[in-house]
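Structure first, then comments.
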Amino acid sequence: MVVAEGEIESLGSRVTELTSNLNNILGSLQGLEKWIPNVDAGIKSLHQAVDEISSRVTALETKPAESPATATPPPFGHGVNDGYQGDASGIPAI
280 MVVAEGEIES
290 LGSRVTELTS
300 NLNNILGSLQ
310 GLEKWIPNVD
320 AGIKSLHQAV
330 DEISSRVTAL
340 ETKPAESPAT
350 ATPPPFGHGV
360 NDGYQGDASG
370 IPAI
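Its first residue numbered 280, the sequence shown is counted upward by one per residue in my numbering.
Put into structure tokens, the structure is as follows:
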């Protein structure tokens, strides 16, 4: 009988521990239930941003190339003498 009482006490402590663990798991699940809508909203926002970027890239890819007449002229290259410093020879220019 003493052995049975010891086993009952052991089972009682196990049940208490199991109940505590289940309550911890339940608390975690409730936390996830609160967290999931925030994640879903964030994913939706990211999806919308990616769609917007995709449409911008598509618009840029389909934009026709500029013709040479409307293209920005290239910068002045080598050999262009702008004469900003004047004549360095000391002879006045006529």
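Ideal placement from N, C-alpha and C gives every residue a C-beta, glycine not left out.
Quick one: grab the DSSP three-state call for A320. The three-state secondary structure of A320, taken from DSSP, is helix.
What is the rounded straight-line gap between the Cα of Q327 and the Cα of S292? Straight across, the Cα-Cα distance linking Q327 with S292 is about 53 Å.
Helix, strand or coil: how does DSSP classify S333 here? In the displayed model, S333 falls within a helix according to three-state DSSP.
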